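One structure is given here, and the rest of the page talks about it.
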């Protein structure tokens with residue numbers, strides 16, 4: 001048997017196994033991108049050797065089979081899958097094929113919609129009443145899940161109006177919104193139950209419950225996108241008109257759908273939706289493009305497993321498989337050691353990733369990850385890549401456990417782990433070069449002293465040249481010391497020294513934040529500054545006095561007292577003040593108490609200011625600004641692109657302001673001038 005023939009048979013076996021695990025066992029053992037690559041390899045061989053194709057090849061059928069415990073039902077019209085496009089070139093080739101087959105070079109009209117990452121289902125309505133729900137299964141037969149779909153509130157049991165066909169098979173996707181998935185997993189963790197890996201698996205597991213009462217407890221929704229067949233009535237002539245008709249019948253449709261012209265239109269739709277992907281309330285893995293006109297769809301027809309008139313453009317994978325080569329421990333400004341995975345480079349989330357966070361030793365133990373393992377790396381948007389899970393079945397015999405370092409990798413000081421904490425810390429303090437470097441980077445950062453132009457490279461250069469050992473040394477730098485540094489000419493030196501001088505006038509809150517006291521973030525620093533008003537009072541405060549400050553708990557109070565009890569820290573504060581760092585007295589005005597005790601959330605894009613500026617206005621008025629919406633949230637400010645946070649606010653009946661209302665409100669407080 002030839003090498004290619006052997007490879008072909010192995011691909012059939014491998015893909016069939018993944019299909020069984022994914023569709024029957026509800027286990028996502030490999031990333032979608034890995035599956036897609038294997039399928040491409042299979043179809044490429046079949047193109048060269050069409051006589052090898054067998055009915056059992058995964059390319060010849062839609063994956064999946066009926067699970068035990070459910071009645072099997074036949075689909076009157078097969079539920080086919082879609083061909084995939086992975087690039088703009090693939091899309092252009094698709095459009096060219098359509099134009100050639102239609103013998104029409106003119107621009108074709110397309111209906112576009114997000115490709116939901118859920119479970120394809122069929123709903124059968126007779127005389128407007130829901131009589132059956134079924135999964136796609138293998139495309140020809142599926143599982144009868146009628147009792148389960150009837151529990152999903154976005155599925156109407158009776159269609160609205162009276163102009164529907166006597167028989168109507170509606171097709172769509174059942175999915176679990178991100179917010180519902182996170183809420184369900186939080187509850188599972190609290191009950192010490194198994195959590196789901198992702199919303200798609202959660203939706204599949206929920207739909208395939210034999211007890212519909214359990215399905216009813218799951219936050220499932222359905223989005224409808226096509227008709228399988230109909231009888232005894234007329235349907236619209238285009239996909240976009242059909243979606244409008246679905247809406248009138250009470251069927252849920254996707255609000256992001258659009259009609260565009262030609263290759264330029266579908267590319268533009270792709271670009272705008274990809275930028276907003278992470279802000280959507282649900283998971284999507286691409287976009288579906290369909291020829292809008294049904295008469296043209298009929299002319300174009302089908303191939304064995306997919307329609308010629310539609311295609312799915314995949315987004316760059318947010319999960320990929322690679323190998324863990326090593327683990328290194330990085331030291332932060334407070335001495336925390338963070339394990340960082342060194343990986344075989346892999347393209348994921350639109351970038352090449354060679355490093356990913358492992359968070360802490362608790363996470364390493366939870367994942368049971370070892371050096372040499374094949375791992376799944378997750379990256380979404382601008383989020384730091386992380387190792388999400390391990391492919392334990394592929395673990396090599398040579399895999400090595402990750403050992404806890406006994407000493408700091410930077411300064412060789414003892415590493416300790418305080419009881420009750422998941423973080424290991426270097427005990428070297430200011431004598432640890434890594435802690436010193438990270439503390440200085442924090443001190444000059446935008447939310448601290450905000451020294452413009454003094455970034456990571458400048459800090460590293462100043463440390464390497466032995467010009468600074470503490471934050472106060474920055475204010476003692478002289479031009480002659482800086483001229484010799486790499487890329488530091490006269491103008492650069494002049495600008496840097498001017499920025500350092502300008503940073504001397506700050507606020508007590510910024511100064512406290514810049515000091516880098518453990519657990520003292522922006523909001524806590526602002527609350528401390530408001531409460532104590534002066535540095536002397538804060539430095540003399542006891543833990544009992546600190547506990548009276550809003551958002552200060554026992555841990556924060558202990559860290560503040562501990563910080564100021566260290567002689568070197570008190571000396572450093574005195575040096576900074578002696579070198580000219582100063583601030584205006586904190587005066588708590590009536591305006592500063594306006595939002596006291598309230599929690600606000602800012603989400604989406606704010607056109608007339610940055611999100612940080614909007615946050616700063618709210619903090620000045622006494623509000624706490626949170627990163628997520630909860631029952632404790634007082635108000636949400638939502639700009640364009642607001643996604644799951646806006647949905648959560650609506651779900652919890654929390655008041656929402658758009659940007660225009662927010663600007664008007666700031667104007668009324670005298671904080672904004674048009």
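Residue numbers (UniProt numbering): 1 to 674. Virtual Cβ for every residue (Gly too), placed ideally from N, Cα, C. Since the model is a prediction, treat every value here as computed from it, not as a measurement.
Can you say whether residue 200 is buried or exposed, counting buried as having 16 or more other CB atoms within 10 angstroms of its CB?
Within the chain shown, numbered from 1, the residue matching residue 200 stands at position 200. Counting C-beta atoms within 10 angstroms of its own C-beta, residue 200 has 16 or more neighbours from the protein chains shown and is therefore classed as buried.
Residue environment, residue 466, which counts as buried when at least 16 other CB atoms sit within 10 Å
Locating residue 466 in the chain shown gives position 466, counting from the first residue. Exposed is the label assigned to residue 466, since fewer than 16 other Cβ atoms lie within 10 Å of its Cβ.
Would residue 104 be called buried (16 or more neighbouring beta carbons within 10 Å of its own) or exposed?
For the purposes of this step, residue 104 is taken as residue 104 along the chain shown, with counting starting at 1. Exposed.
Are the segment 571-583 and the segment 593-607 touching, with three or more C-beta to C-beta distances below 8 Å?
The segment 571-583 and the segment 593-607 do not touch, with fewer than 3 CB-CB distances between them shorter than 8 Å.
Applying the 10 Å Cβ sphere with the 16-neighbour rule, what's the burial state of residue 44?
Translated into positions along the chain shown, residue 44 becomes position 44. By the 10 Å Cβ count, residue 44 comes out exposed.
Am I right that residue 454 and residue 433 are in contact with their C-beta atoms under 8 Å? What's the rounded C-beta distance?
As a first step, residue 454 must be located in the chain shown, where it is residue number 454. As a first step, residue 433 must be located in the chain shown, where it is residue number 433. At roughly 18 Å, the Cβ-Cβ gap does not stay under 8 Å, so residue 454 and residue 433 are not in contact.
Residue 639 and residue 605 - do their beta-carbons sit closer together than 8 Å?
Taking the first residue of the chain shown as 1, we reach residue 605 at position 605. Taking the first residue of the chain shown as 1, we reach residue 639 at position 639. At a Cβ-Cβ threshold of 8 Å, residue 605 and residue 639 count as neighbours.
In whole angstroms, what is the alpha-carbon distance linking residue 478 and residue 566?
Residue mapping note: residue 478 aligns to position 478 of the chain shown, counting from 1. Residue mapping note: residue 566 aligns to position 566 of the chain shown, counting from 1. About 29 Å.
In the structure shown, what three-state DSSP assignment does residue 357 receive?
Translated into positions along the chain shown, residue 357 becomes position 357. Strand.
Helix, strand or coil for residue 192, going by three-state DSSP, please let me know.
Within the chain shown, the letter at position 192 stands for residue 192. Three-state DSSP puts residue 192 in coil, outside helix and strand.
Is it a yes or a no for the segment 437-452 touching the segment 346-362, going by three-plus beta-carbon pairs under 8 Å?
no
Does DSSP put residue 330 in a helix, a strand or coil?
Translated into positions along the chain shown, residue 330 becomes position 330. In the structure shown, residue 330 sits in a strand (DSSP, three-state: E or B).
Give the secondary structure of residue 409 by DSSP, where H, G and I count as helix, E and B as strand, and everything else as coil.
One-based indexing of the chain shown puts residue 409 at position 409. The answer is coil: DSSP assigns residue 409 none of H, G, I, E or B.
Does the distance from the CB of residue 311 to the CB of residue 658 come in under 8 Å?
As a position in the chain shown, residue 311 is number 311, starting the count at 1. As a position in the chain shown, residue 658 is number 658, starting the count at 1. Not in contact: residue 311 and residue 658 (Cβ atoms no closer than 8 Å).
Given residue 396, which residues of its chain have a CB within under 6 Å of its CB, disregarding the five upstream and five downstream residues?
Residue mapping note: residue 396 aligns to position 396 of the chain shown, counting from 1. Excluding positions up to five away in sequence, the list reads 372.
For residue 544, does the count of other Cβ atoms within 10 angstroms reach 16, so buried, or fall short, so exposed?
Translated into the one-based positions of the chain shown, residue 544 becomes position 544. Result: exposed.
Should residue 431 go down as buried or exposed, given a rule of 16 or more other Cβ atoms within 10 Å for buried?
The count along the chain shown starts at 1 and reaches residue 431 at position 431. Exposed, because fewer than 16 other Cβ atoms sit within 10 Å of the Cβ of residue 431.
Please list the terminal residues of the continuous alpha helix (DSSP H) segment that includes residue 284.
Indexing the chain shown from 1 puts residue 284 at position 284. Per DSSP, residue 284 belongs to no alpha helix (DSSP H); it is in the beta strand (DSSP E), 284-291.
Less than 8 Å between the beta carbons of residue 219 and residue 184, yes or no?
As a position in the chain shown, residue 219 is number 219, starting the count at 1. As a position in the chain shown, residue 184 is number 184, starting the count at 1. Going by C-beta atoms, residue 219 is nearer than 8 Å to residue 184.
Please look up how many angstroms separate the CB atoms of residue 322 and residue 296, rounded, as I've assumed it's under 8 Å.
Taking the first residue of the chain shown as 1, we reach residue 322 at position 322. Taking the first residue of the chain shown as 1, we reach residue 296 at position 296. 43 Å between Cβ atoms; not a contact.
Does residue 1 pass the burial test, meaning 16 or more other C-beta atoms within 10 Å, or should it be called exposed?
To locate residue 1, count along the chain shown from 1; it is residue 1. The residue is exposed, with fewer than 16 neighbouring Cβ atoms inside 10 Å.
Pair within 8 Å by beta-carbon distance, residue 676 and residue 291:
The question about residue 676 has no answer here: the residues shown for the chain are numbered 1 through 674.
Taking the straight line between their C-alpha atoms, what separation do you get for residue 171 and residue 146?
Position 171 of the chain shown holds residue 171. Position 146 of the chain shown holds residue 146. If you take the alpha carbons of residue 171 and residue 146, they lie about 14 Å apart.
Tell me which same chain residues have a C-beta within less than 6 Å of the C-beta of residue 12, skipping the five on either side of it?
Residue 12 sits at position 12 when you count from the first residue of the chain shown. Hits under 6 Å: 57.
Beta-carbon contacts of residue 180 that lie in its chain and below 6 Å, excluding the five residues immediately before and after
Against the chain shown, residue 180 aligns to sequence position 180. Result list for residue 180: 219, in chain order.
How long is the line joining the alpha carbons of residue 186 and residue 248, rounded to whole angstroms?
Reading the chain shown from its first residue, position 186 is the one you call residue 186. Reading the chain shown from its first residue, position 248 is the one you call residue 248. About 36 Å.
Is residue 175 near residue 221, with beta carbons less than 8 Å apart?
Taking the chain shown and counting its residues from 1, one reaches residue 175 at position 175. Taking the chain shown and counting its residues from 1, one reaches residue 221 at position 221. For residue 175 and residue 221, yes; Cβs fall inside 8 Å.
Contact belief for residue 293 with residue 336 at Cβ below 8 Å, rounded distance in angstroms
Within the chain shown, the letter at position 293 stands for residue 293. Within the chain shown, the letter at position 336 stands for residue 336. In fact, because the Cβ distance is near 60 Å, the residues do not count as touching under 8 Å.
Taking 8 Å as the threshold (C-beta atoms), are residue 533 and residue 585 in contact?
Translated into the one-based positions of the chain shown, residue 585 becomes position 585. Translated into the one-based positions of the chain shown, residue 533 becomes position 533. In this structure, residue 533 lies closer than 8 Å to residue 585 by Cβ.
Rounded to whole angstroms, what is the Cα-Cα separation between residue 429 and residue 569?
As a first step, residue 429 must be located in the chain shown, where it is residue number 429. As a first step, residue 569 must be located in the chain shown, where it is residue number 569. Those two C-alpha atoms are separated by around 11 Å.
Exposure of residue 442, with buried meaning 16 or more beta-carbon neighbours within 10 Å:
Indexing the chain shown from 1 puts residue 442 at position 442. Buried, because 16 or more other Cβ atoms sit within 10 Å of the Cβ of residue 442.
Which residue's Cα is closest to the Cα of residue 423: 384, 502 and 364?
Within the chain shown, residue 423 is the residue found at index 423, counting from 1. Put simply, of 384, 502 and 364 the residue whose alpha carbon is nearest the alpha carbon of residue 423 is 364.
In this structure, does DSSP put residue 633 in helix, strand or coil?
Residue 633 sits at position 633 when you count from the first residue of the chain shown. Residue state, collapsed to three classes: coil.
Please list, in chain order, all residues of the same chain as residue 66 whose beta carbon is under 6 Å from its beta carbon, the five residues on each side excluded.
On the chain shown, residue 66 is found 66 positions in, with the first residue counted as 1. Because residue 66 sits at a pLDDT of 48, beneath the cut-off of 50, its placement in the model cannot be relied upon, and the following sentence gives the value as read from the coordinates. Excluding sequence neighbours, residue 66 sits near 72, 137 and 143.
Enumerate, from N- to C-terminal direction, the unbroken alpha helix (DSSP H) stretches of 4 or more residues contained entirely within the segment 143-180.
146-149
With a Cβ-Cβ cutoff of 8 Å, do residue 189 and residue 195 count as a contact?
As a position in the chain shown, residue 189 is number 189, starting the count at 1. As a position in the chain shown, residue 195 is number 195, starting the count at 1. Cβ atoms of residue 189 and residue 195: closer than 8 Å.
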